[in-house]
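Chemist: Numbering (full-length UniProt numbering), first residue to last: 1 to 588. Every residue, glycine too, gets a C-beta built ideally from N, C-alpha and C. One structure, as C-alpha cells, below. Some questions next.
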C-alpha cells in the first residue's frame with residue numbers, strides 16, 4: 001500500500017530560518033497484520049553492490065518525523081472512531097433501558113392494587129410461617145433473655161440512665177416543685193379532700209350493707225365467747241334460736257358500732273398523726289380514758305429493758321420483711337423466660353417490659369429498704385408497693401375469682417398485709433425525712449435534687465397519717481379475719497391442732513383466737529404502747545403457727561407451704577419492725 005504526501009517543511013540551517021521548496025515524498029507502509037505473512041513469503045534477496053551515493057541530508061532528516069506524525073494521526077483517528085461507536089451504543093442502551101423502566105412503572109401503576117394485595121398476602125404468610133416456626137421462637141426467646149440479662153447487668157447503661165434521669169429532674173425541678181406546691185396549697189383541693197372524707201364517714205355510718213353484717217359478726221362472736229367460757233348464751237339472750245336471739249340486740253350493737261366508728265373517724269387525724277399539732281386524740285370510745293399513760297407508767301420498767309435493743313429489733317425485722325422479695329428475685333433471675341411466659345399468661349401488655357419492671361421494683365425496693373435510711377426506706381416501700389399490687393391482682397385475685405380456692409384467698413389476704421406494711425412505712429418515715437436539717441436526711445448528698453424532693457415531702461407530710469392508718473388497717477385485716485373465722489369454727493381449729501400435734505389443742509386454739517383478735521384490736525389503736533403489745537401478740541401467733549402448721553409440710557417440697565412460710569416470716573419481720581420503731585416513743 002503506497003500513499004503519496006506532499007509536505008512543506010521548514011528547517012533551520014546554521015541559525016537561519018529557511019523555507020524548503022515543496023517536494024514529493026513517497027513512503028511505503030505495510031499493514032501490521034500482513035507483516036508476518038510478508039516476512040515469511042518474501043525471501044531475502046542478495047544485496048547487489050551499489051555505488052555510493054551522495055547523502056541527501058534534507059530527506060533523511062524529515063522522513064522519520066513525518067512517519068511518526070502520520071502513525072500518530074492514524075492512532076488518534078482509530079480512537080475517535082471507537083469512542084464514537086461506544087457513544088452510539090450507549091445511547092441505544094440508555095434508550096432501551098429507559099423504555100423498559102417506563103413500561104415497568106406503567107405496569108406497576110396500572111396494577112398497583114393487585115400488586116399491593118399480593119405483596120401483603122405474601123408478607124403475611126411469610127411472617128405467619130416465621131412466627132410459627134419453633135426454631136425462630138426458641139431463638140427469639142434466647143435472644144430476649146440474653147439481651148435482658150445484659151441490660152440488667154450492664155453498668156454503663158445503668159449509669160447512663162441514672163445520669164439522664166438526674167439531669168432531667170434537675171432541669172425541671174423548679175417547675176415541678178412549684179406545680180406541686182400550687183396544687184396542694186389550693187383551697188379547692190383541701191375542701192374537696194375534706195368533702196370526700198365526710199362523705200366516706202357518712203356512708204360508713206349509715207350503710208346497712210356494712211352495719212348489719214358487722215353487728216351480726218360481733219353478736220355471734222360474743223355468743224361463741226360465752227360458749228367457750230361454759231356459759232349458755234340462750235338464757236342470757238332470752239331465746240333458743242340464734243337468729244331470734246340476735247335480733248333484739250342488733251339495733252343496739254349497730255348504734256354502738258356506728259358511734260365508735262364516727263368518733264374514731266373524727267379523731268383520725270390527731271390519733272394517727274400527732275405531729276400535726278392538733279392535740280392528743282381520744283380515739284374510739286373504748287379508749288376515751290387516758291389509759292395509755294397509766295399503762296406506760298405501770299410497765300415502763302419492762303419497756304426500758306427492751307428499749308436498748310430497739311435498733312436490733314428494727315433491722316432484724318427489716319431483713320425478715322424483705323427476705324421474701326430477695327428470694328423471689330433470685331428465683332426469677334434464674335429463669336427469666338418463665339417469668340416472661342407468666343406475664344403473657346396473665347394477659348399483660350408488653351410482657352418483656354413488665355418483666356423488667358417487676359425485677360427492677362423487687363431489687364431496687366429490697367436494696368433501698370435494707371439501708372434503714374428513712375428516705376431510702378420510703379422509696380423502697382413505694383417500689384415494693386407497686387410490685388405487690390400488680391402481683392396480688394394478676395397472680396392471686398383473678399385466679400381466686402375463677403377457682404374460688406382457699407390458697408389464693410389466703411395469698412390475697414397476706415399480700416394485703418404486706419401492702420399495709422409498705423403503706424405504714426411510708427406513713428411513718430415521711431415525717432422522719434429531713435429531721436437532721438437536710439432536705440432528705442442524706443446530709444445534702446443530692447444537692448439541688450435533694451432540695452427538690454424535700455419540697456415534695458414537705459407538701460405531703462401533713463397527709464402522712466392517711467398512709468399510716470390505711471397501712472395499719474390492711475396489716476391487721478388478715479389477722480382479725482383469721483381470728484373471727486377461727487372463733488366461728490372453733491371446734492375445727494381444735495381438730496387441726498390435734499392433727500398437727502400441738503400440745504393442749506383446745507387451750508392452744510383459745511390462746512390463738514385471743515392473740516389474733518386482741519393483738520389486732522391493740523394494733524388498730526395507733527398508740528405506741530398498744531401497737532407494741534399488739535405486735536408482740538401477733539408475732540407470737542405467727543411464730544407458733546408457722547412452726548407447727550407450715551414448716552413440717554414445707555419439708556415435703558410443697559410450694560404452697562413454702563409461700564406461706566415466707567410470707568409469715570415477712571409479716572413477723574413487720575411485727576419486729578413495729579416493736580423497734582415504737583419502743584423509743586414509749587419510754588423516751
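#1: Take every Cβ of the stretch 468 to 482, pair it with every Cβ of the stretch 561 to 570, and state whether three or more of those distances are shorter than 8 Å.
#2: When we look at the beta-carbon of residue 131 and count the other beta-carbons within 10 Å, is it buried (16 or more) or exposed?
#3: Taking the continuous alpha helix (DSSP H) assigned at residue 491, which residues delimit it?
#4: With hydrogens ignored, establish whether the beta-carbon of residue 348 is closer than 7 Å to any heavy atom of the ligand FMN.
#5: Counting only the same chain and skipping the five closest in sequence on each side, list residues whose C-beta sits under 6 Å from that of residue 365.
#6: Roughly how far, in whole angstroms, is the beta-carbon of residue 589 from the beta-carbon of residue 416, given that I think they are within contact range, below 8 Å?
#7: For residue 371, which of helix, strand or coil comes out of DSSP?
#8: Out of 89, 481, 425, 565, state which residue places its alpha-carbon closest to the alpha-carbon of residue 518.
#9: Nearest to residue 371 by alpha carbon, out of 317, 342, 121, 486?
#10: Could you compute how far the alpha carbon of residue 24 sits from the alpha carbon of residue 63?
#11: Relative to the C-alpha of residue 348, which residue among 398, 585, 479, 331 is closest?
#12: Could you give the distance in angstroms between the alpha-carbon of residue 411 and the alpha-carbon of residue 393?
#13: What does the Cβ neighbour count give for residue 546, buried or exposed, with the cut at 16 atoms within 10 Å?
#14: If I'm right that residue 542 touches residue 530 with Cβ under 8 Å, what's the distance once you round it to whole angstroms?
#15: For residue 186, which of helix, strand or coil comes out of DSSP?
#16: What does the Cβ neighbour count give for residue 149, buried or exposed, with the cut at 16 atoms within 10 Å?
#17: Going residue by residue through the stretch 126 to 168, where are the continuous alpha helix (DSSP H) segments of at least 4 residues, counting only ones entirely within it?
#18: Please classify residue 499: is it buried, with 16 or more other beta-carbons within 10 angstroms of its beta-carbon, or exposed?
#19: Starting from residue 523, trace the alpha helix (DSSP H) both ways and give me its first and last residue.
#20: Contact check, residue 328 vs residue 362 under 8 Å by CB: the rounded distance?
#21: Give me the Cβ distance between residue 378 and residue 433, rounded to the nearest whole Å; I'm assuming they're in contact under 8 Å.
#22: Please report the Cβ distance between residue 319 and residue 573, rounded to the nearest whole angstrom; I am assuming they are in contact, meaning their Cβ atoms lie under 8 Å.
#23: Since residue 581 and residue 465 are thought to touch, with beta carbons under 8 Å apart, how far apart are those beta carbons, to the nearest angstrom?
#24: How far does the alpha helix (DSSP H) with residue 325 in it reach, from first residue to last?
#25: When DSSP labels each residue in this structure, what does residue 349 get in the three-state scheme?
#26: For residue 313 versus residue 579, is the C-beta spacing smaller than 8 Å?
#27: Work out the CA separation of residue 488 and residue 245 for me, nearest whole Å.
#28: For the alpha helix (DSSP H) holding residue 549, just list the boundary residues, first then last.
#29: Does the Cβ of residue 77 have 16 or more other Cβ atoms within 10 Å, making it buried, or fewer, making it exposed?
#30: Under 8 Å, Cβ to Cβ, is there at least one residue of chain C near residue 354?
#31: Less than 8 Å between the beta carbons of residue 421 and residue 321, yes or no?
#32: Please list, in chain order, all residues of the same chain as residue 551 whose beta carbon is under 7 Å from its beta carbon, the five residues on each side excluded.
#33: Please report how far the alpha carbon of residue 557 lies from the alpha carbon of residue 153, in whole angstroms.
#34: Could you give the residue range of the alpha helix (DSSP H) that holds residue 398?
Modeler: So, from the listed chains and residues:
#1: no
#2: The count along the chain shown starts at 1 and reaches residue 131 at position 131. Classification for residue 131: exposed.
#3: If you number the chain shown from 1, residue 491 lands on position 491. Counting along the chain, the alpha helix (DSSP H) containing residue 491 begins and ends at 490 to 500.
#4: By its list of ligands, the structure shown contains no ligand whatsoever, and the ligand FMN lies outside what it can speak to.
#5: Numbered from its first residue, the chain shown carries residue 365 at position 365. The beta carbon of residue 365 sits closer than 6 Å to those of 380, 383, 384, all from its chain and outside the five residues before and after it, given in chain order.
#6: The question about residue 589 has no answer, for the chain in this structure spans 1 to 588.
#7: The sequence position of residue 371 within the chain shown is 371, counting from 1. It is helical.
#8: Sequence index remark: in the chain shown, residue 518 carries index 518 (1-based). For the residues 89, 481, 425, 565, the minimum Cα distance to residue 518 belongs to 481.
#9: The sequence position of residue 371 within the chain shown is 371, counting from 1. Of the candidates 317, 342, 121, 486, the one whose C-alpha sits nearest the C-alpha of residue 371 is 317.
#10: Reading the chain shown from its first residue, position 24 is the one you call residue 24. Reading the chain shown from its first residue, position 63 is the one you call residue 63. The pLDDT assigned to residue 24 is 40, lower than 50, so where the model puts this residue is not dependable; a value taken from the coordinates is nonetheless given after this. When rounded, the distance between both Cα atoms is 11 Å.
#11: Your numbering for residue 348 matches position 348 in the chain shown. For residue 348, the closest C-alpha among the options 398, 585, 479, 331 is that of 398.
#12: Residue 411 sits at position 411 when you count from the first residue of the chain shown. Residue 393 sits at position 393 when you count from the first residue of the chain shown. Distance between the alpha carbons of residue 411 and residue 393: 11 Å.
#13: Position 546 of the chain shown, counted from the start, is the residue given in the question as residue 546. Label assigned to residue 546: buried.
#14: As a first step, residue 542 is located in the chain shown; it is residue number 542 there, counting from the start. As a first step, residue 530 is located in the chain shown; it is residue number 530 there, counting from the start. Their Cβ separation, rounded to whole angstroms, is 18 Å, which puts residue 542 and residue 530 out of contact at 8 Å.
#15: Position 186 of the chain shown holds residue 186. Of the three classes helix, strand and coil, the one that applies to residue 186 here is coil, per DSSP.
#16: Taking the first residue of the chain shown as 1, we reach residue 149 at position 149. So residue 149 ends up on the exposed side.
#17: If we require 4 residues or more, the alpha helix (DSSP H) runs fully inside the stretch 126 to 168 come out as 134 to 153.
#18: Taking the first residue of the chain shown as 1, we reach residue 499 at position 499. Label assigned to residue 499: exposed.
#19: Sequence index remark: in the chain shown, residue 523 carries index 523 (1-based). Going by DSSP, residue 523 is part of the alpha helix (DSSP H) stretching over 505 to 524.
#20: In the chain shown, the residue the question calls residue 328 occupies position 328. In the chain shown, the residue the question calls residue 362 occupies position 362. 6 Å between Cβ atoms; contact.
#21: Along the chain shown, one-based indexing puts residue 378 at 378. Along the chain shown, one-based indexing puts residue 433 at 433. Yes, residue 378 and residue 433 are in contact; Cβ-Cβ is about 7 Å, under 8 Å.
#22: Against the chain shown, residue 319 aligns to sequence position 319. Against the chain shown, residue 573 aligns to sequence position 573. At roughly 7 Å, the Cβ-Cβ gap stays under 8 Å, so residue 319 and residue 573 are in contact.
#23: Taking the first residue of the chain shown as 1, we reach residue 581 at position 581. Taking the first residue of the chain shown as 1, we reach residue 465 at position 465. Incorrect: roughly 15 Å between the Cβ atoms, too far for contact.
#24: One-based indexing of the chain shown puts residue 325 at position 325. Its alpha helix (DSSP H) spans residues 310 to 334.
#25: Reading the chain shown from its first residue, position 349 is the one you call residue 349. Coil at residue 349, not helix or strand.
#26: Against the chain shown, residue 313 aligns to sequence position 313. Against the chain shown, residue 579 aligns to sequence position 579. Closer than 8 Å, so yes.
#27: By 1-based counting over the chain shown, the position of residue 245 is 245. By 1-based counting over the chain shown, the position of residue 488 is 488. Only weak support exists for where residue 245 lies, its pLDDT of 44 falling under 50; the value from the coordinates is given anyway. Straight-line Cα distance between these residues: approximately 17 Å.
#28: Counting from one through the chain shown, the residue named residue 549 turns up at place 549. Counting along the chain, residue 549 falls outside any alpha helix (DSSP H), and DSSP gives it neither H nor E.
#29: The residue you call residue 77 lines up with position 77 of the chain shown. Residue burial annotation: residue 77 is exposed, with fewer than 16 other C-beta atoms found within 10 angstroms of its C-beta.
#30: In the structure shown, chain C does not exist; there is a single protein chain.
#31: Numbered from 1 along the chain shown, position 421 holds the residue referred to as residue 421. Numbered from 1 along the chain shown, position 321 holds the residue referred to as residue 321. Taking C-beta atoms as the reference points, residue 421 and residue 321 count as a pair closer than 8 Å.
#32: Looking up residue 551 in the chain shown gives position 551. Correct list, in chain order: 565.
#33: Looking up residue 557 in the chain shown gives position 557. Looking up residue 153 in the chain shown gives position 153. If you take the alpha carbons of residue 557 and residue 153, they lie about 32 Å apart.
#34: Working through the chain shown from its first residue, we reach residue 398 at position 398. It spans 398 to 403 - the alpha helix (DSSP H) in which residue 398 sits, taken as one unbroken run.
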